[in-house]
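Down below is the structure, laid out as structure tokens.
2 protein chains.
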Amino acid sequence: MRTSIATVSLSGSLTEKLTAASRAGFDGVEIFENDLLASPLPPREIRARCADLGLTVDLYQPMRDMEAVPDDEFARNLRRARHKFGVMGELGADTVLVCSSVSPLGIDDDSLAARQLHRLASLAQDFGIRVAYEALAWGRHVSTYDHAWRIVEAAGHPALGTCLDSFHILSRGSDPRGVEAIPGEKIFFLQLADAPLLAMDVLQWSRHHRCFPGQGGLDVAGLVRHVLRAGYDGPLSLEVFNDVFRQAEAGPTAVDARRSLLMLQEAVGVVELPEPVVPTGVAFAELVTPDAEPVAALLGALGLSRTARHRGKPVDLWERGEARILVNTGPAARRDGTGLAAIGLESPDPQAAARRADALLAPVLPRRRAPEDTPLDAVAAPDGTELFFCATGRGPELADWRDDFVPVTATQAPDPARIGPARVDHLALTQPWHQYDEAALFHRGVLGLHAQESVDVADPYGLLRSRAVTDADGGVRIALGVGAAPADDTLHAQHIALAVDDVVAAARAFRAAGGSTLPIPANYYDDLAARHEFADGELETYRGLDILYDRDAGGAFRHCYTRTVGRVFFELVERDPGYRGYGAHNAPVRLAAQHAGRQARRTAG
Amino acid sequence: MRTSIATVSLSGSLTEKLTAASRAGFDGVEIFENDLLASPLPPREIRARCADLGLTVDLYQPMRDMEAVPDDEFARNLRRARHKFGVMGELGADTVLVCSSVSPLGIDDDSLAARQLHRLASLAQDFGIRVAYEALAWGRHVSTYDHAWRIVEAAGHPALGTCLDSFHILSRGSDPRGVEAIPGEKIFFLQLADAPLLAMDVLQWSRHHRCFPGQGGLDVAGLVRHVLRAGYDGPLSLEVFNDVFRQAEAGPTAVDARRSLLMLQEAVGVVELPEPVVPTGVAFAELVTPDAEPVAALLGALGLSRTARHRGKPVDLWERGEARILVNTGPAARRDGTGLAAIGLESPDPQAAARRADALLAPVLPRRRAPEDTPLDAVAAPDGTELFFCATGRGPELADWRDDFVPVTATQAPDPARIGPARVDHLALTQPWHQYDEAALFHRGVLGLHAQESVDVADPYGLLRSRAVTDADGGVRIALGVGAAPADDTLHAQHIALAVDDVVAAARAFRAAGGSTLPIPANYYDDLAARHEFADGELETYRGLDILYDRDAGGAFRHCYTRTVGRVFFELVERDPGYRGYGAHNAPVRLAAQHAGRQARRTAG
């Protein structure tokens with residue numbers, strides 16, 4: 003099926019929007035009237051620009067408050083329509099959207115609405131244009147799709163059909179099954195948008211909080227199935243009004259939009275994509291740093307050992323059990339200071355995983371960086387983090403990413419008696435503020451992970467949001483975080499949480515090896531004492547080691563933090579098998595302690 | 003009456019919050035539990051810090067889901083309460099807030115709730131503490147203030163009273179008159195918050211969108227009158243959860259909060275402030291610029307003449323009729339590039355106006371900058387713009403600000419035949435993104451202006467909001483604008499709109515004198531032709547001169563824009579007397595044209 007996107011869904015000038023839509027692979031666009039009015043290009047040139055970009059102009063929507071109005075008002079409307087149909091001819095748009103009237107002049111008279119729409123359709127027909135009549139959820143007298151269809155049916159004009167919009171239908175809780183009763187050839191257009199489930203005024207909800215299908219809580223795929231069963235064969239077109247997208251760059255937003263539509267098409271069975279290959283674990287996390295010293299000191303204190311070095315690049319492998327950290331000091335370190343640049347995901351079929359990512363528009367990275375390297379499948383996530391699909395010790399048929407690493411014999415071998423991490427529990431990545439929803443959709447669609455609920459976390463200087471994506475077994479857990487606004491994203495560090503069997507022993511060993519834990523205020527422990535019962539001395543132990551505690555219905559969670567190096571810090575985590583969270587209850591205390599630490603360093607420095 | 007503020011209303015660490023509250027003149031604070039838990043200071047030190055800052059600790063709120071729960075749960079709650087009462091003793095807080103339970107364990111049994119609250123109050127009494135029970139608007143079984151009061155009355159314990167909260171009462175549409183039936187001594191606490199009138203889930207509304215009294219749409223003053231009539235004599239305490247305030251600096255937010263409370267106290271008659279002195283016109287607008295050349299060229303083309311120069315400072319007066327612009331090239335120009343730094347407001351009583359501003363915590367600026375200057379009353383608005391209260395030619399009893407200016411005889415006198423502006427129509431000021439509501443409240447409270455509705459304006463790169471404050475006669479009109487998020491505020495320029503009798507003649511004269519108008523796309527005029535009927539040639543005239551057109555029920559508005567110099571541009575405005583707006587309908591086209599101009603300059607440069 004053809005895909006289309008409304009220009010209002012993207013930011014920038016009209017030409018920027020058209021370019022972004024074309025590059026993301028859309029077949030057509032809906033041109034929003036304000037974008038045309040504000041463009042220095044005349045309609046004919048816009049048409050030519052679209053043709054050059056391989057885009058059709060699928061819809062134009064210049065008309066409001068058209069039908070069921072007094073005669074003199076309707077005469078003015080027809081005059082306006084005649085002008086606009088002329089513009090559409092130059093623009094090469096053959097379908098015009100007419101939304102149900104919200105005018106205070108509107109008359110509650112379906113036969114008047116049908117007569118006037120019939121008259122409008124006759125005029126449109128003279129210009130070779132079709133009229134698609136749509137029920138706005140907040141229309142004055144017509145607000146449901148079946149009502150709009152009854153009027154279209156009564157009008158009985160070949161150039162008049164209906165336009166269906168997933169937001170208007172689903173936001174009102176209308177039963178979408180009735181769509182199947184509409185003859186497919188009378189469904190002139192289908193607009194798609196999702197939205198988070200917010201209990202709020204529907205007009206505000208629609209204007210500010212729409213999102214791409216799969217990012218919200220509406221069953222857009224369910225609606226599309228009904229529309230396809232009705233026999234609709236026009237484009238699937240995204241029309242999304244969203245305050246954040248208005249500020250984000252058009253290029254990435256258009257790609258996210260197309261990805262969302264591809265996933266929707268896959269869900270309803272009109273597009274076949276390579277199956278998702280769900281990763282089963284974290285093979286490694288890769289830090290880039292201009293200065294390996296502080297990172298090495300931290301990893302050593304955490305109980306990891308430097309065991310190997312890449313044979314062609316300045317990359318060290320640190321490990322203990324299945325916890326593996328790469329430390330990259332090469333010039334490829336693109337980011338400022340120390341940061342988390344890549345994640346290796348243990349994949350049952352790395353090449354198939356990369357094929358799906360590619361089909362879902364993730365930028366695929368070169369399989370080899372150097373001729374002698376083992377080929378590695380990798381893609382870039384929306385936030386720039388590189389995701390490697392790899393195999394670790396899974397037999398001769400799957401290349402092991404460690405084959406490029408040469409053991410370091412000079413340093414001490416890992417001490418088996420030393421308490422330390424066994425594997426990565428989770429990774430926390432800070433997203434650009436305008437890519438929170440996109441990030442979750444990407445990780446769901448590309449990696450086949452499951453997205454948990456978003457939680458709000460109070461930071462002393464703003465409200466953060468965090469949402470985890472996981473596989474079914476908890477082998478891969480990634481927490482996607484974002485600040486409340488485009489403030490300084492770098493304030494909120496990334497982190498790597500390492501799973502330990504005994505956080506008390508691990509924290510003691512870390513301290514004994516010279517590590518510093520993030521200081522947690524005594525008041526926090528007084529509150530723990532009030533909220534939970536502990537064994538004798540347990541709380542004092544936690545207090546002495548800066549260990550935090552949380553509990554849900556499934557069990558307990560004990561964790562402590564290291565100091566931050568660059569943009570990264572580590573967490574040691576002891577998780578009861580049934581505990582599902584990430585200690586979000588403790589995050590405000592952690593964030594305040596990190597701010598206090600930064601301020602102290604600033605004062606000292 | 004004493005005033006107080008909840009620490010959750012301000013950003014930063016607990017000590018930053020306390021300092022801000024003290025400096026803004028609050029008498030006390032409510033300490034929010036998370037702020038205490040995250041603080042490295044033990045409760046005793048927090049108490050000492052508050053005492054040093056002249057603050058009492060009026061309330062502590064550590065308890066949730068306390069009452070009407072099964073016995074074993076209540077036993078745990080009492081254990082928790084005992085811990086917290088101990089902390090409160092150290093903190094010096096004698097009132098604890100207990101919100102109505104939202105627990106799924108909660109039992110719908112008022113007598114059980116009353117028995118358990120009686121038990122809790124007895125325990126509290128042992129610690130010298132009072133329990134204030136409050137109905138949360140989304141409480142599971144108790145959600146209205148009268149219901150909470152019935153339970154408190156039934157419990158009948160001297161250490162148990164009720165806490166009233168304006169948001170919880172007014173957001174549900176409860177009739178606040180019933181408050182007067184509660185004995186004043188049983189109202190232990192009063193929390194105040196306003197909120198914009200949003201139709202949305204009350205919990206989300208409360209957690210993210212509360213604001214200070216007068217910034218929203220709730221009748222907070224009306225509620226306070228009822229509470230005072232009931233005999234309440236405790237503090238008026240602000241408890242505001244707001245995503246924006248969480249990110250804004252604590253100091254200015256605390257001042258805004260106190261100003262809001264002062265205006266509320268004035269409204270209910272418990273504080274007397276100097277009467278507002280409403281300005282009657284714009285005496286001047288002052289531009290600062292490092293380079294007078296481009297500004298002088300622009301003003302000259304607009305038809306203003308340089309008539310005088312300040313006798314002690316590098317400030318020129320440009321004028322025509324009552325339109326007066328000061329151009330300041332002195333080192334006091336604190337801003338980067340060319341910007342609007344000050345506004346002279348024609349004031350019936352400048353000194354009284356400054357007294358009110360001072361009483362409402364506006365920073366008062368020195369009356370004289372140099373010994374020989376005429377004294378001038380001035381204050382700083384929240385965005386840093388200096389507001390001068392002045393008189394222009396109003397007789398010997400009021401000093402004329404122009405007395406410090408010496409006529410410039412060398413230059414040409416204004417040509418009376420030249421078409422040009424007659425006065426300032428309006429000024430548009432860009433506010434820091436987190437001060438939109440504060441700015442409107444400031445201009446209402448300090449200047450006695452009326453605030454119009456906020457309107458959304460689509461910019462190609464985000465959604466802007468704009469709200470005008472005006473006097474009754476339209477002598478002073480200030481449009482306060484803000485971007486949707488803390489993006490680059492400077493992108494959205496300030497502007498000065500000059501009123502002309504005939505915008506066509508004025509635009510022609512401006513062009514003839516070498517001025518360039520902002521180019522408006524032809525598509526805009528095609529749309530005008532579709533929407534309105536014009537006399538023969540009228541539209542072509544507008545198109546030729548880049549004049550935009552708007553119309554409301556009261557009349558028409560014709561306007562055009564100059565190119566931008568630094569952060570400032572000018573608008574020429576012909577306003578029918580009945581037209582109330584500012585051409586917001588045309589703003590998206592204007593913003594797109596300005597972006598296009600910037601991009602063209604970047605490409606060229």
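Those protein sequences? They're chains D and A, same order as listed.
Letter by letter, the first sequence follows residues 3 to 607 in this note's numbering.
Letter by letter, the second sequence follows residues 3 to 607 in this note's numbering.
Yeah, the Cβ is synthetic: ideal placement off N, Cα and C, and Gly gets one too.
No experiment lies behind these values; they were computed from the predicted model shown.
Residue i to residue j span [Cα, whole Å]
i      : j      : result
D:T5   : D:R179 : 23 Å
A:I189 : A:A157 : 14 Å
A:P72  : D:D554 : 20 Å
D:G395 : D:D402 : 6 Å
A:D385 : D:R313 : 58 Å
D:G557 : D:G585 : 12 Å
D:G14  : A:F571 : 22 Å
A:V459 : A:I522 : 17 Å
A:R533 : D:H85  : 9 Å
For residue i, the first and last residue of its enclosing alpha helix (DSSP H)
i      : result
D:V284 : First-last for D:V284: G283 to V290, but that is the beta strand (DSSP E), not the alpha helix (DSSP H).
CB contact below 9 Å: residue i versus chain D
i      : result
A:D552 : no
A:S13  : yes
A:A558 : no
A:Y526 : yes
A:D90  : Correcting the residue identity first, residue 90 of chain A is Met in this sequence and not Asp. Output row for A:M90: interface = no.
A:M202 : yes
A:Q601 : yes
A:R82  : yes
A:H170 : no
A:A460 : yes
Short CB-CB distance (under 9 Å) between residue i and chain A
i      : result
D:R533 : yes
D:T492 : Its pLDDT being 47, under 50, D:T492 is placed unreliably by the model, and the measurement read from it follows with that caveat. Cβ-Cβ to chain A under 9 Å: no for D:T492.
D:K86  : yes
D:R248 : yes
D:H597 : yes
D:D54  : no
Identity of the residue in the options nearest residue i by Cα
i      : options                           : result
D:P331 : D:G302, D:G305, D:E288 and D:R600 : Correcting the residue identity first, residue 331 of chain D is Thr in this sequence and not Pro. It is D:E288 whose Cα lies nearest to the Cα of D:T331.
D:T1   : D:A310, D:A256 and D:A524         : In the structure displayed, chain D extends from 3 to 607; residue 1 of chain D sits before or after that span and is not available.
D:W207 : D:P198, D:R248 and D:P365         : D:P198
A:G323 : A:E136, A:Y544, A:A424 and A:A343 : A:A424
D:I327 : D:F169, D:W151 and D:G346         : D:G346
D:P106 : D:G141, D:R81, D:I131 and D:R132  : D:G141
D:A531 : A:V270, A:S24, A:V204 and A:L39   : A:L39
A:P373 : A:D406, A:Q353, A:A595 and A:V381 : A:D406
D:R420 : D:H159, D:D503 and D:E32          : D:D503
Contact set for residue i: own chain, Cβ-Cβ below 6 Å, skip 5 residues either direction
i      : result
D:D529 : none
D:D37  : T9 and L16
A:P45  : V89, E92 and L93
A:V575 : D427, A499, A501 and H561
Same chain only: Cβ atoms within 7 Å of residue i, ignoring 5 sequence neighbours per side
i      : result
D:A116 : I153, A156 and A157
A:A70  : S103, G108, I109, D111, L114, A115, Q118 and H143
D:Y234 : G186, I189 and L192
D:F34  : A8, T9, V10 and Q63
Chain-order list of residues whose beta-carbon lies under 8 Å from that of residue i (same chain, five-residue window excluded)
i      : result
D:R51  : T17, L20 and L43
D:A232 : V181, E182, A183, I184, P185, G186 and I189
A:L363 : A26, G27, V257, R260, R261 and L264
First and last residue of the uninterrupted beta strand (DSSP E) at residue i
i      : result
D:V457 : V457 to D461
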